[in-house]
Amino acid sequence: FEESFEGLEIMESSLLNLDAGDADLETINTIFRAAHSIKGGSATFGFNEIASFTHLMETLLDEIRDGKRNIDQNIVDILLKSVDCLSELLSCTKSQEEINSDLVNTIKKELEIILGTGSDTSPGTGSTA
805 FEESFEGLEI
815 MESSLLNLDA
825 GDADLETINT
835 IFRAAHSIKG
845 GSATFGFNEI
855 ASFTHLMETL
865 LDEIRDGKRN
875 IDQNIVDILL
885 KSVDCLSELL
895 SCTKSQEEIN
905 SDLVNTIKKE
915 LEIILGTGSD
925 TSPGTGSTA
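Residue numbers (the numbering used here): 805 to 933.
See below:
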């Protein structure tokens, strides 16, 4: 769990230093690698809910890395909320406490909507050419 919490700290500090609209690839890659490590470690130990949640974050970050999506304040905000949610998931799993499913499902739905895999659409999330 220690490595995952370190990854969360890296993700949060990198996101807070990220300027919306001016995302450098190195920072995005740092955030992506931390998410990827958390996902891999979670899957290895059978924490599928954490792995599934982190996979959504990873997909969004991958779209940014590939230039398919510009980063804006909305995306920075959802990624920060995702880091907080992931922290809660990890803490509850570590202490064997009940996970706040409502929180997880709310953030998961927001990620799915941004990615276009959810049932709703949100204004301003489409890419402009």
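We put the beta carbon where it would ideally sit given N, CA and C, even for glycine.
Since the structure is predicted, the reported quantities are computational estimates derived from the model, not experimental observations.
Could you check the C-alpha separation between residue i and residue j for me, to the nearest Å?
| i | j | result |
| --- | --- | --- |
| residue 873 | residue 808 | 26 Å |
| residue 829 | residue 860 | 19 Å |
| residue 868 | residue 899 | 34 Å |
| residue 905 | residue 815 | 22 Å |
Count the other CB atoms, across all protein chains shown, that sit within 10 Å of the CB of residue i; report buried if there are 16 or more and exposed otherwise.
| i | result |
| --- | --- |
| residue 836 | buried |
| residue 818 | buried |
| residue 871 | exposed |
Tell me where the alpha helix (DSSP H) around residue i begins and ends.
| i | result |
| --- | --- |
| residue 821 | Counting along the chain, residue 821 falls outside any alpha helix (DSSP H), and DSSP gives it neither H nor E. |
| residue 909 | 905–919 |
| residue 877 | 877–899 |
| residue 827 | That residue, residue 827, is in no alpha helix (DSSP H); it is neither H nor E in DSSP. |
Quick check on this structure: which residue in the options has the alpha carbon closest to the alpha carbon of residue i?
| i | options | result |
| --- | --- | --- |
| residue 875 | 841, 852, 918 | 918 |
| residue 856 | 827, 819, 844 | 844 |
| residue 885 | 851, 901, 820, 846 | 820 |
| residue 882 | 907, 892, 915 | 915 |
| residue 793 | 878, 909, 870, 877 | In the structure displayed, the chain extends from 805 to 933; residue 793 sits before or after that span and is not available. |
| residue 907 | 853, 848, 832, 847 | 853 |
| residue 812 | 851, 905, 892 | 892 |
In chain order, what residues of the same chain have a beta carbon less than 8 Å from the beta carbon of residue i, not counting five sequence neighbours either side?
| i | result |
| --- | --- |
| residue 862 | 836, 839, 840, 843 |
| residue 895 | 901 |
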